[in-house]
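Asker: Structure in structure tokens, see below.
Numbering (the numbering used here), first residue to last: 145 to 365.
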């Protein structure tokens with residue numbers, strides 16, 4: 145049996161009383177109180193989520209946009225800098241390899257977030273297609289380099305502002321930007337994947353606990 149993987153903030157969640165389950169090979173915190181109470185919190189106030197098991201690929205090069213245009217269903221190269229694009233990634237017969245989010249940093253650089261259980265499969269798919277198409281593009285699996293935290297719900301913006309992340313007030317839906325926080329560099333995105341308004345924050349694993357505690361403290365009320 146493969147060893148179950150731990151997210152960077154495992155001990156932080158354990159101190160909050162989390163119940164953990166095996167989710168796609170990761171030991172994930174899935175519940176703290178009751179399902180109904182937590183669902184209601186996200187719909188009426190906000191919930192804190194740790195989705196650090198997700199995968200991140202860094203894609204760059206002169207043909208990076210053209211590569212992603214061909215790889216995905218949506219048009220990527222024509223998006224403005226700072227745009228987040230949701231898209232399925234399909235095989236030639238139309239079946240779905242994965243669904244993912246692409247963050248355009250600049251014309252020659254993108255961050256791609258893939259589902260945790262598909263990291264190896266997706267990276268192999270990227271490699272196969274890049275070799276077939278002969279485009280000038282390179283990519284790196286940076287999944288171990290990132291923790292991913294999220295605050296989702298109608299009060300998400302107020303909580304991030306209370307935590308000192310002032311830049312979020314001007315951030316539109318499906319946009320992202322790099323910001324400084326407590327001497328660290330974060331990437332904040334506003335996709336709201338729960339259906340409520342919400343933010344997803346990419347942070348280095350060794351810097352994640354300070355951010356997590358600041359968010360929990362700001363949202364306690």
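Even for Gly, the Cβ is constructed at its ideal location relative to N, Cα and C.
Small disclaimer: the values here were computed from a predicted structure and weren't measured.
Round the Cβ separation of residue 242 and residue 213 to the nearest angstrom and send it over; I've been treating them as touching at under 8 Å.
Answerer: Residue 242 to residue 213, Cβ: 17 Å. No contact.
Asker: Check for me: the beta strand (DSSP E) holding residue 250 runs from which residue to which?
Answerer: 240 to 250
Asker: In angstroms, rounded to a whole number, what distance separates the CA positions of residue 273 and residue 350?
Answerer: Those two C-alpha atoms are separated by around 34 Å.
Asker: Is there at least one Cβ from chain C nearer than 8 Å to residue 365's Cβ?
Answerer: This model lacks chain C altogether, as it is built from one protein chain only.
Asker: Distance, Cα to Cα, residue 147 vs residue 163?
Answerer: 19 Å
Asker: Write down the C-beta distance between residue 245 and residue 234 rounded to the nearest angstrom, noting that I regard them as a contact closer than 8 Å.
Answerer: In fact, because the Cβ distance is near 16 Å, the residues do not count as touching under 8 Å.
Asker: Which of the three DSSP states, helix, strand or coil, is assigned to residue 400?
Answerer: Beyond the ends of the chain as shown, which are 145 and 365, falls residue 400; an answer cannot be given.
Asker: Residue 200 and residue 286: beta carbons closer than 8 Å?
Answerer: Taking 8 Å as the Cβ cut-off, residue 200 and residue 286 qualify as a contacting pair.
Asker: Is residue 350 helix, strand or coil by DSSP?
Answerer: helix
Asker: Would you call the CB atoms of residue 315 and residue 321 closer than 8 Å?
Answerer: yes
Asker: Can you list, in chain order, the residues of its chain whose CB lies under 6 Å from that of residue 227, leaving out five sequence neighbours each side?
Answerer: 248
Asker: Whole angstroms is fine: what's the gap from residue 205's alpha carbon to residue 264's?
Answerer: 22 Å
Asker: At the level of alpha carbons, what is the spacing between residue 352 and residue 188?
Answerer: Distance between the alpha carbons of residue 352 and residue 188: 26 Å.
Asker: In the DSSP assignment, find the unbroken beta strand (DSSP E) run with residue 255 in it and report its ends.
Answerer: 253 to 258
Asker: The alpha helix (DSSP H) spanning residue 184 covers which residue range?
Answerer: 179 to 188
Asker: Nearest-angstrom Cα distance between residue 281 and residue 361?
Answerer: Residue 281 and residue 361: Cα-Cα distance of roughly 42 Å.
Asker: Is it right to say residue 203 is buried, meaning 16 or more other beta carbons lie within 10 angstroms of its own, or is it exposed?
Answerer: buried
Asker: Nearest to residue 261 by alpha carbon, out of 355, 218, 171, 302?
Answerer: 171
Asker: Using 10 angstroms around the beta-carbon of residue 181, count the other beta-carbons present and answer buried if the total reaches 16, otherwise exposed.
Answerer: By the neighbour-count criterion, in which 16 or more other beta carbons inside 10 Å mark a residue as buried, residue 181 falls on the exposed side.
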